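Peer 1: Quick one: the structure is below, and I'll ask about it shortly.
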Amino acid sequence: MRSDDDIYNDIGSILFQIAPDGACKIIMRAQLSQELDSCEYEYDYIDKQGNVAWFTAGGRANTDILALLTELRSWYVENKLTGGLPAWSGCEVTLDLVEVKISIDFVYP
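Take the sequence shown: its letter number 34 is residue 34 in the UniProt record's numbering, and every next letter is one higher.
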């Protein structure tokens with residue numbers, strides 16, 4: 001099994017590839033289905049002036065990110081990082097393109 005850092009890097013790489021021109025930060029909100037076979041996404045970006053706008057990632061990116069999110073969720077469960085509670089069901093990923101830094105805040109049911 002891959003490490004969580006590898007999965008974070010792959011998510012960041014996809015977000016970097018789909019970032020609109022002029023974006024300084026990408027914010028992705030994702031909510032996994034209970035069956036873990038689909039996901040609802042919202043994508044926003046912040047430009048150099050601080051303006052926020054939405055964008056679409058495209059089907060390929062959404063499919064790849066779904067696979068990575070389910071892999072990451074499984075990693076958390078298999079490594080017993082849920083504290084005996086249900087695993088997270090969604091997340092907000094922020095990719096800072098200036099500082100090249102990714103952060104993920106998880107959403108729990």
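Just so it is clear, CB atoms sit at the ideal spot from N, CA and C, and this is done for glycine as well.
Remember, it's a predicted structure, so these values are computed and weren't measured experimentally.
Could you have a look at tyrosine 108 and say whether DSSP puts it in helix, strand or coil?
Peer 2: coil
Peer 1: Look up tryptophan 88 in the DSSP assignment and say whether it is helix, strand or coil.
Peer 2: coil
Peer 1: When you compare the CB positions of isoleucine 65 and isoleucine 26, do they come within less than 8 Å of one another, or not?
Peer 2: no
Peer 1: Serine 33 to leucine 85, Cα distance in whole Å?
Peer 2: 18 Å
Peer 1: Indicate the three-state DSSP secondary structure (helix, strand or coil) for alanine 67 in the structure shown.
Peer 2: When DSSP states are grouped into helix, strand and coil, alanine 67 belongs to the helix group.
Peer 1: Leaving aside the five residues before and after residue 123 along the sequence, list all residues of the same chain whose C-beta is less than 7 Å from its C-beta, in chain order.
Peer 2: A question about residue 123 goes unanswered here, because the residues of the chain that appear run from 1 up to 109.
Peer 1: Under a three-way DSSP split, which group does arginine 29 fall into?
Peer 2: strand
Peer 1: Are the beta-carbon atoms of isoleucine 18 and alanine 53 separated by less than 8 Å?
Peer 2: no
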